[in-house]
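>
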Amino acid sequence: MGENREMESVMRPLTEQERWLTYLSFPQSEQPQPHRETTTVLIPYITMKEKQGPVVGIEEDVQIIIAQLIGGKVSRGVISIVGNEGIGKTTLTQKVYENSMISHLFHAVPGEWHPLEVMGELIWKIHRLLRHKRYLIVLDDIPTPEAWNTLQALLPQTSNGSRILVTTRNRDLLIDSGPDCYIHEKRALSDEEGWNLFNTSLGFRVPLELEQLGREILKKYMGMPREISSVGDLLSQKPATLEQWSRVRYLINHDELAVHQTLNTTAEALSPKAKACLLYFGYFHQDYDIPARRLLCYGLAKPEEASSPQSNRIASSSSSGSGKITRLVDHFDTKEDCFPHIHGRNTLKKSSFRAHYGDLRSFSSFDAREGPDPGEDVGNFLRWGIARGCFKRLNVIDLEGVFQPRLPESLGKIVELRYLGLRRTYLGMLPSSIGNLLNLLTLDLKQTKISTLPPSLWKIQQLRHIYLSEGYRCRFVPPPSTSSPIDIQTLWGAFVDEKSQVEYGLDRLINLRKLGLMCQLTSSQQKPPAKWIAKLNHLESLRLKSIDEMVQPSDLYLEPLSSLKNLSSIYLLGRLGNPIVVDNLPESLTEITLSLSELTENPMPKLGKLRNLRILNLFAKFNTGKNTVCSSDSFPLLRVLNIWKLEELEEWIVEEGALTILKELEIRSCNKLKMIPDGLQHLVHCSELKLTKMPNEFNERVTEYWSKVAHGLSIIIKD
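If you use this note's numbering, the sequence shown corresponds to residues 3 to 721, in order.
Printed below as a string of structure tokens:
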């Protein structure tokens, strides 16, 4: 026991728990004998702490390894178990250790871990403790020959039957270990062994009607025990239905299951709100560009009830295999039959449909097929569910990209709905019953053909965010003056013309945070909305476009906006009829876009004084001058600058001390510009210069000059 206390004192400084190595002391005789004293040693690269699932098909391997451990020469021997990741090397090693021929002789407790390179004198203390003992050491998952060689320095060469048991994916790892090294190839499971492991992991025998589908799922894993056990464990927590297993097969065939499982594992360590946000990523396909707005809208619809995205519909199942779906995400694929009752083949009875979807909280479809089928399928599914008394707890319907979904008139019965996303559906009209959705927070109609909102919309007192389709000139008809005030915070894409009611209409919306308008008004007609906008003290983002009857840019009139202390982003398209607006922009702005402004005076001195500005986009005739200057100390926080289609610009001067932290610069279609300003060579943070549709002579001059003076700058030339 004294040696144990000595070892404990040696290991006490180690603090980070990670991986561990077990040192097992053999008695000093040729045959194993009962041994009462144990010692625990710890070094990196060791992991034996993973939760072990059921084990199938390794009995013969266990006996072979045991024979190598207790037999053979007295010189120190090395036994290496070689195989691909997930094939069961660690499980085999543990079963060897737990075997009755070994476990009654040896006992070990996991220790703590510390990087080997900082253990210093500790290594030599361990070496001295081992050099007179017969030992068995297990090194699990040694990654490189360098790691193996380093570890060998710790282990004394003895002639007392000591053994080292190594697992590795690298067959060449022990190529120089000499004749006393035995290499054992860990084979994959046979089809029947894999099937037996799958059934054991499930905790029940696969029903006959699911056997073919189950075997198809296992084909992907080619006899790898860890993956087979993992998918069995996953399915054991879900209803044993054709639909559920088809969905898992879909994820496996598209290499998405591991992503979903990783998300689920990672989420466990997060706060409820952060977990909800992370898990929403599981709704989207791999390589899908995920807009932040969609995550935000999902979060607004009761984020506290987010579930795991391990599959496209999320069910909380009982041990009997029954379950209720809380999240339904339909990724239609013509090669899969994941949701037959959605895609035109409803086979569920009324009671069964209610049992499946009575607790549904979120329905999202990513069915991007062309033609009428997607819209009909979604419409039928919603109509069937509503008729069967389902969807009473549904908070989210997101049909973005589904072509013309046929929304049933009974949609208004989904009274708990908080988010209705119809972007890019090209839908022509809304059901009049939408006014019954009294809890609706967000209505997204961008890129639809809807040009008129039903008057019943203003019955929804909870409505906060409205996104309209400016391309189809969707007029925003304000709530009648007799109705209760509505706290709209987002109005985006609304079309305003001479028929639009501003006074006692739009100007009743005083709490807007985001406002985007397409205006077809004369300068004098724009004065009422300009006065209204200048009083929106909560406004954070403003986008205004002014067009004429031919949809060409027109005059844009604005009042000074300096009083809008919360405004951070502004986009203005049209000839600024009141140039003083640029002189009176609020200091809070972080992003500015000016397009077709046709300013006669150079606005750069004024813009350069905005101390919080990060992004500046100057597009198409924003200024009619031939020269522009960025003076010293201007644009102190600007990171992105885009200069496009300034057809008259010939010379651009950047004084030293301007644009000091600029990172990205793009110059596009400025055909008269002679040269990049010399002052840019001092921009040590600028990593990317894009030249798009610029004359060849200009590109050649810039490349030749700047390759000599600008270090670390990437010049990208695009036609």
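Beta carbons: idealized from backbone N, C-alpha and C, even for Gly.
#1: With a threshold of 6 Å (Cβ to nearest heavy atom), would T93 be considered close to the ligand SAH?
#2: With L439 and G414 assumed to form a contact (beta carbons below 8 Å), what rounded beta-carbon distance in angstroms separates them?
#3: For a minimum of 3 consecutive residues, which ranges assigned as the beta strand (DSSP E) are wholly contained in the segment 447–519?
#4: With distances taken Cα to Cα, identify the nearest neighbour of S232 among R189, I89 and Y137.
#5: Hey, L384 and P410 are a contact pair by Cβ (cut 8 Å); roughly how many whole angstroms apart?
#6: Could you tell me whether the Cβ of D557 comes closer than 7 Å to any Cβ of chain C?
#7: Please classify V250: is it buried, with 16 or more other beta-carbons within 10 angstroms of its beta-carbon, or exposed?
#8: Determine the closest residue to Y506 out of A294, V479 and C521, with distance taken between C-alpha atoms.
#9: Tell me which same chain residues have a C-beta within less than 6 Å of the C-beta of L544, skipping the five on either side of it?
#10: I believe E402 touches R371 by the beta-carbon criterion, under 8 Å. Please report the beta-carbon distance rounded to the nearest angstrom.
#11: Are the beta-carbon atoms belonging to K665 and R641 less than 7 Å from one another?
#12: Could you pull the DSSP bridge partners for V380 from this structure?
#13: At which residues does the alpha helix (DSSP H) containing I66 begin and terminate?
#14: Once the 5 residues before and after Y421 are set aside, which same chain residues still bring their CB inside 6 Å of it?
#15: Count the other C-beta atoms from every protein chain shown that fall within 10 angstroms of the C-beta of T169, then say buried if there are 16 or more, exposed otherwise.
#16: Run through DSSP, which three-state label would G205 get?
#17: S366 by DSSP, collapsed to three states: which one?
#18: Do you know offhand how far E32's Cα is from K222's?
#19: Going along the chain, which residues of its own chain have a beta-carbon closer than 6 Å to the beta-carbon of E2, five neighbours each way excluded?
#20: To the nearest whole angstrom, what separates the beta carbons of D657 and C632, a pair I think is in contact under 8 Å?
#21: Of the choices Y469, L508, N701 and E61, whose alpha-carbon is the least far from that of T492?
#22: By a C-beta neighbour count over all protein chains shown, 10 Å radius and 16 as the cutoff for buried, is K547 buried or exposed?
#23: I'd like to confirm the pairing. Which residues does DSSP put opposite T694 in its beta bridges?
#24: With burial defined as no fewer than 16 other Cβ atoms inside 10 Å of the residue's Cβ, what is the status of H687: buried or exposed?
#25: Which same chain residues, not among the five before or five after E218, have their C-beta less than 7 Å away from its C-beta?
#26: Is R136 helix, strand or coil by DSSP?
#27: What's the gap between the Cα of N255 and the Cα of K240?
#28: For the beta strand (DSSP E) containing K547, name the first residue and the last one.
#29: Measuring CA to CA, which of R515, L429, K501 and I488 is closest to W494?
#30: Kindly provide the ranges of any alpha helix (DSSP H) runs that are 4 or more residues long and lie completely inside the segment 582–613, ordered along the chain.
#31: Looking at the structure shown, is C299 part of a helix, part of a strand, or coil, going by DSSP?
#32: So, is I292 buried or exposed, given that buried needs 16 or more other C-beta atoms within 10 angstroms?
#33: Report all residues from its chain with a CB closer than 7 Å to the CB of G576; omit the five preceding and five following residues, and keep chain order.
#34: Give me whichever residues DSSP pairs with G79 in a beta bridge.
#35: Among residues of its own chain, excluding the 5 on either side of S564, which ones have a beta-carbon nearer than 8 Å to its beta-carbon?
#36: Between the C-alpha atoms of I72 and G196, what's the straight-line distance to the nearest angstrom?
In this structure, then:
#1: Absence of the ligand SAH from the depicted structure is noted, as is the absence of any ligand whatsoever, leaving it without description.
#2: For the purposes of this step, residue 439 is identified with residue 437 of the sequence shown, where counting begins at 1. For the purposes of this step, residue 414 is identified with residue 412 of the sequence shown, where counting begins at 1. Sure, about 6 Å apart at Cβ, within 8 Å.
#3: 467–469 and 492–499
#4: The sequence position of residue 232 within the sequence shown is 230, counting from 1. The residue with the shortest Cα to Cα distance from S232 is I89.
#5: If you number the sequence shown from 1, residue 384 lands on position 382. If you number the sequence shown from 1, residue 410 lands on position 408. With 8 Å as the limit, L384 and P410 qualify as a contact, their Cβ atoms being about 6 Å apart.
#6: You won't find chain C in this structure, because it holds only one protein chain.
#7: Here residue 250 corresponds to residue number 248 of the sequence shown, with the count starting at 1. V250 should be labelled buried.
#8: Here residue 506 is taken as the residue at index 504 of the sequence shown, counted from 1. Cα-wise, what sits closest to Y506 is V479.
#9: Against the sequence shown, residue 544 aligns to sequence position 542. So the qualifying residues of the chain are L517 and I572.
#10: Residue mapping note: residue 402 aligns to position 400 of the sequence shown, counting from 1. Residue mapping note: residue 371 aligns to position 369 of the sequence shown, counting from 1. Incorrect: roughly 14 Å between the Cβ atoms, too far for contact.
#11: What you label residue 665 is simply residue 663 of the sequence shown in a count that begins at 1. What you label residue 641 is simply residue 639 of the sequence shown in a count that begins at 1. The answer is yes: Cβ separation under 7 Å.
#12: Reading the sequence shown from its first residue, position 378 is the one you call residue 380. Note: V380 sits in no beta bridge, so no partner.
#13: Along the sequence shown, one-based indexing puts residue 66 at 64. Here the alpha helix (DSSP H) through I66 covers E61 to I72.
#14: Along the sequence shown, one-based indexing puts residue 421 at 419. C299, A303, V398 and T444.
#15: If you number the sequence shown from 1, residue 169 lands on position 167. Buried.
#16: Translated into positions along the sequence shown, residue 205 becomes position 203. If DSSP states are grouped into helix, strand and coil, G205 belongs with coil.
#17: Taking the sequence shown and counting its residues from 1, the one referred to as residue 366 is at position 364. In this structure, S366 counts as strand in the three-state DSSP scheme.
#18: Position 30 of the sequence shown, counted from the start, is the residue given in the question as residue 32. Position 220 of the sequence shown, counted from the start, is the residue given in the question as residue 222. The predicted model places E32 with a pLDDT of 35, which falls under 50 and marks its position as unreliable, so this point remains unresolved.
#19: Since the first residue shown for the chain is 3 and the last is 721, residue 2 is missing from the structure and cannot be characterised.
#20: By 1-based counting over the sequence shown, the position of residue 657 is 655. By 1-based counting over the sequence shown, the position of residue 632 is 630. Note that residue 657 corresponds to Glu in the displayed sequence, not to Asp. E657 to C632, Cβ: 6 Å. Contact.
#21: In the sequence shown, the residue the question calls residue 492 occupies position 490. Residue Y469 is the option with its Cα nearest to T492.
#22: Here the question's residue 547 lines up with position 545 in the sequence shown. Flag for K547 reads buried.
#23: Reading the sequence shown from its first residue, position 692 is the one you call residue 694. Note: T694 sits in a beta bridge opposite R670 and K720.
#24: Walking along the sequence shown from the start, residue 687 turns up at place 685. Result: exposed.
#25: Counting from 1 along the sequence shown, the entry for residue 218 is found at position 216. Closer than 7 Å at Cβ, skipping near neighbours: R251.
#26: Sequence index remark: in the sequence shown, residue 136 carries index 134 (1-based). Note: R136 maps to strand in three-state DSSP.
#27: In the sequence shown, the residue the question calls residue 255 occupies position 253. In the sequence shown, the residue the question calls residue 240 occupies position 238. Using only the alpha carbons, I get a separation of about 19 Å.
#28: Residue numbering aside, residue 547 sits at position 545 when the sequence shown is read from its first letter. S543 to S548 is the span of the beta strand (DSSP E), which, as asked, contains K547.
#29: By one-based count along the sequence shown, residue 494 stands at place 492. Selected option, being the one with the closest Cα: R515.
#30: 582–585 and 606–609
#31: Position 297 of the sequence shown holds residue 299. Residue state, collapsed to three classes: helix.
#32: Stepping through the sequence shown from its first residue, residue 292 is reached at position 290. Exposed, by the Cβ-count rule.
#33: Walking along the sequence shown from the start, residue 576 turns up at place 574. Hits under 7 Å: K547, S548, P555, S556, D557, L558 and L598.
#34: For the purposes of this step, residue 79 is identified with residue 77 of the sequence shown, where counting begins at 1. Beta-bridge pairing links G79 to R165.
#35: Taking the first residue of the sequence shown as position 1, residue 564 is located at position 562. Around S564: N586, L587 and P588.
#36: Position 70 of the sequence shown holds residue 72. Position 194 of the sequence shown holds residue 196. Answer to the nearest angstrom: the Cα atoms are 30 Å apart.
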